[in-house]
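Trainee:
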Amino acid sequence: MSSPSKRREMDVMKLMMSDYTVETINDGLSEFNVEFHGPKESLYEGGVWKIRVELPDAYPYKSPSIGFVNKIYHPNVDELSGSVCLDVINQSWSPMFDLLNVFEVFLPQLLLYPNASDPLNGDAASLMMKDKKLYEQKVKGWGVEL
C-alpha cells in the first residue's frame, strides 16, 4: 500500500472515529458523505447538511473535493452544485491538513465568516451586503434538517 493510500485510510478512519456520521459510497474510502452541523453562534446553528467528499488519488498532496449535497444559502457555496469556494481547500491546501481540519476548522470558518467579495452565489452575496436582515432570514430558512 502506497503512502498516499495509507494516509487516505488513516484520515478517513480518524473522521469515522470522531463525532461525525460518515457514509461511504461504493464501499470505498475515496468517496463519502459526512453529516455536518452548523457551527454554534452562527446563522447556520441548528442546521444539518450532508457534505460530499471526494478524495483524489494524490490525496493528501492534492486537496479533497468538498460540496454540500442539500441546499445551503451562502455567498461562497454554489446554489446548484453545492461546490465550496474556500481558498484553503482549493488553492492553499497542504498535506499537513487532514479531513478533520476540513470539518472542525475550514467549514465552520466558512459559515461563520462568509466572504461576499468572492462569491459563488451572487444573489446571496448581494443580499448579504444590501439587506442583512433579509439575508439572515433566508439563511435560517434554508438550514433544514436532513
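The letter at position 65 of the sequence shown is residue 65 when you use the UniProt record's numbering, and the numbering goes up by one with no holes.
The C-beta atom is built at its ideal place from N, Cα and C for all residues, glycine as well.
Quick caveat: nothing in here was measured; it's all calculated off a predicted structure.
Three-state secondary structure (DSSP) at Val22?
Mentor: Val22 falls in the strand class under three-state DSSP.
Trainee: Within the same chain, show all residues whose beta-carbon is closer than 8 Å to that of Leu146, passing over the 5 residues directly before and after it, in chain order.
Mentor: For Leu146, the predicted model reports a pLDDT of 47, less than 50, meaning its position is unreliable; a value from the coordinates is still stated below. Excluding residues within five positions, the ones whose Cβ falls inside 8 Å are Glu35, Val48, Trp49, Lys50 and Asn70.
Trainee: Tell me whether Ile89 sits in a helix, a strand or coil according to DSSP, three-state version.
Mentor: Of the three classes helix, strand and coil, the one that applies to Ile89 here is helix, per DSSP.
Trainee: Taking all protein chains shown into account, do 16 or more other C-beta atoms lie within 10 angstroms of the C-beta of Ala58, making it buried, or fewer, making it exposed?
Mentor: So Ala58 counts as exposed.
Trainee: State the DSSP-derived secondary structure class of Asp131, mapped to helix, strand or coil.
Mentor: Coil at Asp131, not helix or strand.
Trainee: Going by beta-carbon coordinates alone, are residue 152 and Ile89 separated by less than 8 Å?
Mentor: Absent from the structure is residue 152, since the part of the chain shown begins at 1 and ends at 146.
Trainee: In the DSSP assignment, what residue or residues form a beta bridge with Gly67?
Mentor: Answer is Arg52 and Ser83.
Trainee: Pick helix, strand or coil for Asn115, following the three-state DSSP scheme.
Mentor: Reduced to three states, the DSSP call for Asn115 is coil.
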